[in-house]
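Colleague: Structure in C-alpha cells, see below.
Number of protein chains: 2
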Amino acid sequence: MKATITDVAQKAGVSMKTVSRVLNKEPNVAEKTRERVMAVASELRYSPNLAARGLASSKSYLIALIYDNPNAYYITELQRGAISACRKRGYHVVLEPTKIRELSSPEEVKSASEMIFERLHVDGVILAPPLSDSQELIDVVRARNLPYVLVAPSETSPDVPSVKMDDFAAAYELTQNLIAQGHQRIGFIKGHYQHSSADLRLEGFCHAIKEAGLSKEPGLIKDGDYSFRSGVVAAEALLEADNPPTAIFACNDDMAAGVIHVAARLGLSVPDGLSVCGFDDTPLATIMWPQLTTVAQPIYEMGYGAADMLLRQDTETGDDHVQTFDFTIKKRGSTARA
Amino acid sequence: MKATITDVAQKAGVSMKTVSRVLNKEPNVAEKTRERVMAVASELRYSPNLAARGLASSKSYLIALIYDNPNAYYITELQRGAISACRKRGYHVVLEPTKIRELSSPEEVKSASEMIFERLHVDGVILAPPLSDSQELIDVVRARNLPYVLVAPSETSPDVPSVKMDDFAAAYELTQNLIAQGHQRIGFIKGHYQHSSADLRLEGFCHAIKEAGLSKEPGLIKDGDYSFRSGVVAAEALLEADNPPTAIFACNDDMAAGVIHVAARLGLSVPDGLSVCGFDDTPLATIMWPQLTTVAQPIYEMGYGAADMLLRQDTETGDDHVQTFDFTIKKRGSTARA
DNA sequence: CTGAAAGCGCTTACAG
DNA sequence: CTGAAAGCGCTTACAG
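Chain order of the listed sequences is A and B. If you want the numbering used here, it's the 1-based position in the first sequence plus 1239. If you want the numbering used here, it's the 1-based position in the second sequence plus 1239.
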C-alpha cells in the first residue's frame, strides 16, 4: 500500500541507491536522473520510512528536549522553535519532562539522567533552563558523546554550544526608556538570587542609572524572587516610603503585576501616578490592564536556534558556539512620562 | 558497544526469539528461562532498538498529539499526561502544532491534515481541543485507518473514543457552593459562544439556581468570550447596575480576573463586598490576590487517559469509549459568606 | 515451551 | 555518474 524506495526505483528505472542519493541530496547524480526520480517520488507520494532509515544509518532522527518545572509558556515556545527547525531536516522532537530539580544528591541526578538516555536513543539533546546549569546532567550527556546545546545557561563558554539573549542589554535599554520619559527616581525589584538572569538585569539597570548621572539610592532596590507575592511586598516597601519612586522596574511580569496590584490598593493610578515595567512578556502582560511594558525574550528563536545548531554539529565546525538572540522592548500602557 | 538482542540471547543461552518473547511479555516461556533472560538483559543494560523493532513490526511506536492555538498551560499538562501513559508501553509522543484554525476552506484543512501524516507515520493520534471538533481532520484520520482519541470534543458519541470532564456538573457544584454561602443574587459571565463548554457551564449554573428557588433574572447573565477584557465589560455592567449581585461566577479565570480588576477600581473589596469565582484553575488563579476560587480540570488525567485509551485500542475492545474524569473545586480566598 | 529462517526498508561500503 | 550486495536489530510466520 505505502510506496517504498523500491517502488520508486522501479518506476524511475534506476537503482534503489540512486533514489537514496536523490532523496538525501547527495552529490553525483545527473540532473536528468534527479528530476525523474523526484517526479516519480512525488507521484507515488513517497516518504521514507523513518525506522528503516534509522536502523540502517544507526541514527534515530530524534532529538530530546529536556526540561523541568517548566513555565508553560516558555516551554511551549521553545518546543515550537525546536520542532520547526527539526522539520526542515527530517528530525522529530521527543519531550523529556523530568523531576531532576527535586532530587537532592548528585548521584540521584546522575542516575535519573542515565535513565533518560537508556530508554530512547536520541541523536542529540537540548537542555532548557534551569537544567542547562546542571553539571551532573551535562556530564552524563558528555559521557555518552551526545551532541547537546544549552538554552540560556548561567555562564557561557565559547566551546560549549549554547543559545541565549542579552539580559544586561535588555535591562539597560528598558531603563534608558524610563529615564528618557523623565523618570528620575526609579525603583528596582530584583529576581531570584539563584538565577543568573537576575544579576544581569540588575547590572543593566545600574549601568543605565549611573550613565544618566542619577543617584543610586540603595533604598530604591528591593529583593524579590520572581513571585507575584514578592512583588507585592517590595512594592509596599517602595511606595509607602517617604519620597517614593515615580517608576518601578520589576525583574519579571509576575512581580510587576504585584506592583500594579499594590498601586491600585493605594489609589495610585498606573501609568499616571506610577509607571511600571516587567520582563518576559508572558501572557499575563497583555491580560492585565493597563497592559504591561516589558521585554519579549526570543524564546521561539532560541528553540529554533538550539535545534538548528544541534543538527548542524555533524556537518559543520568552527562556528561560534554561542549564539545570542535579539530581545524586543514592548512599550505598552503601564509606562508614561513622569 | 550497545547491547543487542543477540548479545542477550547468547549470554543467556537461548535464541533471539525467546529473548523477544520475554521482553514483549508474550506467553509460553518457562519461568526459569524468563528469569534468566531478564537477569542478563539488565546486566547488559539492554534496551531494544526502537527503529529495528518498528521496522520489523511495521509500527512506529510513536503517537502524535495534534493541537492548535494552545493555551500553554493546557497543552503542557496534556503533554505530561500523554507522555506518562506512553512511557509505560514503550511509546513516545511527537508534537504536531498546526495552524489549522487559520485556514478558511475545508480543502485547505484537509490538505494540511494530510501533510501531517505523510511526513511521519504514527500509530495513533490524539486531537486536542478545539481540533477535536474539526470534522475535516477527523475524516482524514479515519480515511487512514488511524486509531484516534478526542480530548473534550463538543459532542461525544459512544462509538467515538474520547475523554472529557463534566462541565455541567462542575458549574452546578460551584454554584451550589455560592448558594450555600448565602448568596441570593449571583451574576454569571458566559464563555465564548463557539465553545460547547460555555453552554454546559451555563446550564449547570441555571440548574443550581432553579433548584434553589432563586430568581433567574436575565440581567444577571452577561455575555463574555473568555478574555480578560470581556470580563471587565461584563463586570462593569453587573456591578454598576442598581441592586448588584453579591457574587459573580465567571466562566473562566481570565474573566474572573477582569471582575476582580473592576471591583478594585470600584472600591469593592473581594471577598467581603463581592465573591468571585472562575473556572480552569490556570496559574493566574494562584498568582492573583486574593487567590481565585475555581474549578481544576483534570487536564493531566485526560492526557493520560487519551493516550492509554489509544494504546489499548489494538488489544481490547468493548470498552466504553467515552471516559469522563473528575474535576476538583478549589476553594480559595475570592469567595466568602454573603 | 523453544528456535531457525526470512524479511521489514532503508544506508553503508565497495566496485565499476 | 550509477549499482549490486550486505547488513542494521528486531518481529513475523512457521515448524517442531
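Just so you know, even glycine gets a beta-carbon here, dropped at the ideal spot from N, CA and C. Quantities reported herein were computed from a predicted structural model and do not represent experimental measurements.
Helix, strand or coil, according to DSSP, for GLU1335(B) in the structure here?
Modeller: strand
Colleague: Would you kindly check if the distance between the Cβ of PHE1467(A) and the Cβ of CYS1490(A) is under 8 Å?
Modeller: Cβ atoms of CYS1490(A) and PHE1467(A): not closer than 8 Å.
Colleague: Using alpha carbons as the reference points, say which of PRO1345(B), ALA1408(B), THR1521(B) and TYR1543(B) lies closest to LEU1317(B).
Modeller: The residue with the shortest Cα to Cα distance from LEU1317(B) is TYR1543(B).
Colleague: DSSP three-state label for THR1554(B), please.
Modeller: For THR1554(B), the predicted structure reports a pLDDT of 49, less than 50, and the residue's modelled location is therefore unreliable. The matter cannot be settled from this model.
Colleague: Are any of the Cβ atoms in chain A nearer than 8 Å to that of ARG1383(B)?
Modeller: no
Colleague: In whole angstroms, give me the CA-to-CA distance for LEU1507(A) and ARG1504(B).
Modeller: 11 Å
Colleague: Helix or strand or just coil, what does DSSP make of ASP1307(B)?
Modeller: strand
Colleague: Is the Cβ of HIS1431(B) closer than 8 Å to any Cβ of chain A?
Modeller: no
Colleague: For LYS1298(B), which of helix, strand or coil comes out of DSSP?
Modeller: coil
Colleague: Look at the alpha carbon of PRO1580(A) and the alpha carbon of VAL1472(B), and state the distance between them as a whole number of angstroms.
Modeller: The question about residue 1580(A) has no answer here: the residues shown for chain A are numbered 1240 through 1577.
Colleague: Under a CB-based cut-off of 8 Å, is ASP1493(B) close to chain A?
Modeller: yes
Colleague: Comparing alpha-carbon positions, which option in ASP1398(B), ILE1302(B) and PHE1427(B) lies nearest ALA1546(B)?
Modeller: The option with the nearest alpha carbon to ALA1546(B) is ILE1302(B).
Colleague: Check this for me: beta carbons of MET1494(A) and GLY1470(A), under 8 Å apart or not?
Modeller: yes
Colleague: Starting from the C-beta of ASP1520(B), find all residues in its chain whose C-beta is less than 6 Å away, skip the five residues before and the five after it, and write them out in chain order.
Modeller: THR1533, ALA1535 and LYS1569
Colleague: Inspect the beta-carbon positions of PRO1457(A) and HIS1560(A) and report whether they are closer than 8 Å.
Modeller: no
Colleague: Does VAL1518(B) have its Cβ less than 8 Å from a Cβ in chain A?
Modeller: The sequence shown places Phe at residue 1518(B), rather than the Val named in the question. By this cut-off, PHE1518(B) is not an interface position.
Colleague: With GLY1293(B) and ALA1290(A) assumed to form a contact (beta carbons below 8 Å), what rounded beta-carbon distance in angstroms separates them?
Modeller: With a beta-carbon spacing of about 4 Å, GLY1293(B) and ALA1290(A) fall inside the 8 Å limit used to define contacts.
Colleague: Look at the alpha carbon of ALA1451(B) and the alpha carbon of SER1436(B), and state the distance between them as a whole number of angstroms.
Modeller: 23 Å
Colleague: Quick check: what's the CA-CA separation for ARG1326(A) versus VAL1332(B)?
Modeller: 15 Å
Colleague: Less than 8 Å between the beta carbons of ASP1565(A) and LEU1531(A), yes or no?
Modeller: Their beta carbons are not under 8 Å apart, which means ASP1565(A) does not touch LEU1531(A) by this criterion.
Colleague: What residue range is occupied by the uninterrupted beta strand (DSSP E) comprising GLY1329(A)?
Modeller: First-last for GLY1329(A): undefined, no H or E at that position.
Colleague: Could you give the distance in angstroms between the alpha-carbon of GLY1363(A) and the alpha-carbon of PRO1369(B)?
Modeller: Take the alpha-carbon of GLY1363(A) and the one of PRO1369(B): they are about 33 Å apart.
Colleague: So, with DSSP's three-state summary, where would you put ALA1248(B)?
Modeller: helix
Colleague: Quick one: list the residues of chain A neighbouring SER1299(B), beta-carbon separation under 8 Å, in chain order.
Modeller: LEU1289 and ALA1290
Colleague: Return the CA-CA distance between GLU1375(B) and LYS1461(A), expressed in angstroms with no decimal places.
Modeller: 55 Å
Colleague: Rounding to the nearest angstrom, what Cα-Cα distance links THR1554(A) and SER1297(A) in this structure?
Modeller: Unreliable placement is indicated for THR1554(A), whose pLDDT of 49 sits below 50; the coordinate value is still reported in the next sentence. For THR1554(A) and SER1297(A), the distance between alpha carbons rounds to 16 Å.
Colleague: Is there a C-beta anywhere in chain A that falls below 8 Å from the one on GLU1282(B)?
Modeller: no
Colleague: If you scan the segment 1342 to 1413 of chain B from start to end, which runs of the alpha helix (DSSP H) of 4 or more residues do you find wholly inside it?
Modeller: The qualifying runs are 1345 to 1358 and 1374 to 1382.
Colleague: For the segment 1458 to 1481 of chain A, which residues have a beta carbon sitting closer than 9 Å to at least one beta carbon of chain B?
Modeller: The segment 1458 to 1481 of chain A vs chain B, Cβ under 9 Å: SER1466, PHE1467, ARG1468 and VAL1471.
Colleague: In terms of DSSP beta bridges, what is SER1514(B) paired with?
Modeller: Answer is ALA1486(B), bridged to SER1514(B).
Colleague: Leaving out the 5 sequence neighbours to the left and right, which residues in its chain are closer than 6 Å to GLU1335(B) when beta-carbon positions are compared?
Modeller: ALA1303, ILE1305 and ILE1355
Colleague: Quick check on DSSP: helix, strand or coil for GLY1430(B)?
Modeller: coil
Colleague: Under a three-way DSSP split, which group does LYS1461(B) fall into?
Modeller: The three-state reading of DSSP puts LYS1461(B) in strand, counting E and B together.
Colleague: Near SER1446(A), which residues of its chain fall below 6 Å by C-beta distance, leaving aside the five closest residues on each side in sequence?
Modeller: In the sequence as displayed, the identity of residue 1446(A) is His instead of Ser. The answer, listed in chain order, is TYR1411.
Colleague: Considering Cα atoms alone, identify which of SER1299(B), GLN1562(B) and ASN1482(B) is closest to ALA1391(B).
Modeller: GLN1562(B)
Colleague: Identify the contact partners of SER1352(B) in chain A, using a Cβ-Cβ distance below 7 Å as the criterion.
Modeller: Ordered by position in chain A, no residue passes the 7 Å Cβ test against SER1352(B), which lies about 14 Å from the chain.
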